[in-house]
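Numbering (the numbering used here), first residue to last: 28 to 286. Glycine included, C-beta positions come from ideal geometry on N, C-alpha and C. Presented below is the structure to which this report refers.
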């Protein structure tokens, strides 16, 4: 393959959940620019339509598919609705997620557990289970699960979120083994602190930022396009021999001793 085509997604159809948020919007834009046709999914149809309108005005093929990922039936139905648009899904990005309550794990309720695990982890399992067989029947595909460095380190503030994100990284490994013989690649991405609306409160906390940047070798926060670029790589021929991995994109935070 020519080097110029390594990162091309031309002819591919990508279904992206959580597609209208900070990271989701960046992934949508990057995959559109790489040549993919986009299936934009979020719980808010109005925001989906606005994103699709922006893409179409720029000349990119796109369609909106709202979905309530807290509802198992709605999640399973998203797969057939997605395949009905262009007859296929080649790339699945499970990006939707919620942080849930802050505080000790022992203080979380059953409702908290159901919300955080349902949206962050169960929906990814249900959606991959519904989408991947179709990918396999067409010769292969790429699945990307959005994990987090919160799933790789202890955290006394957002422990339930970290549990769900750790589960996503393990889900990527399990599915990679299960579906590898069908040319399905499954990987996770674990971002560090990224400049998104979800992180706005942290970014405005001077004492937190001083500590975080001191333990991040690159001494800055990440930008959404830096996560989106990794997503394009994993979905393209450039990532064709990568599967079952959890790619940490955090500016070095996890490897640092804070010095």
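Fully contained in the stretch 103–180 are the following beta strand (DSSP E) runs of length 3 or more, in chain order: 118–121, 168–173.
Cβ-Cβ distances below 7 Å link residue 220 to 226, 229, 239, 248, 249 in the same chain, with the five nearest sequence neighbours on each side left out; the list follows chain order. Secondary structure of residue 218 (DSSP, three-state): strand.
Shown here for residue 147: same chain residues with a beta carbon closer than 6 Å to its own, the five before and five after excluded, namely 124, 191 in chain order.
Across the set 264, 275, 222, 113, the C-alpha of 222 shows the shortest separation from the C-alpha of residue 49. Straight-line measurement puts the Cα of residue 57 at about 7 Å from the Cα of residue 252. Straight through space, the alpha carbons of residue 143 and residue 177 are spaced by roughly 14 Å. Three or more Cβ pairs closer than 8 Å define a contact, and the stretch 255–272 falls short of that threshold against the stretch 67–80. The three-state reading of DSSP puts residue 35 in coil, since its state is none of H, G, I, E or B. Contact between residue 82 and residue 92 does not hold, since their C-beta atoms are separated by about 13 Å, which reaches or exceeds 8 Å. Distance from the CA of residue 242 to the CA of residue 193, rounded to the nearest whole angstrom, comes to 21 Å. In this structure, the straight-line span from the alpha carbon of residue 180 to that of residue 102 is close to 29 Å. Less than 7 Å divides the Cβ of residue 151 from the Cβ of residue 172.
The stretch 32–40 makes contact with the stretch 112–128; the number of CB pairs closer than 8 Å reaches 3 or more.
By the C-beta density criterion, residue 274 is buried, having at least 16 other C-beta atoms within 10 angstroms. For residue 141, the number of other beta carbons within 10 angstroms of its own is below 16, and it is reported as exposed.
By the 16-neighbour rule on beta-carbons within 10 angstroms, residue 277 is buried. In summary, residue 254 is buried, with 16 or more beta-carbon neighbours lying within 10 Å of its beta-carbon over all protein chains present. One thing to note: residue 199 has its Cβ no nearer than 7 Å to the Cβ of residue 209.
With contacts defined as CB atoms closer than 7 Å, residue 187 and residue 127 qualify as a contacting pair.
With 16 or more other Cβ atoms inside 10 Å of its own Cβ, residue 258 counts as buried. Distance between residue 139 and residue 133, taken at the CA atoms: about 11 Å.
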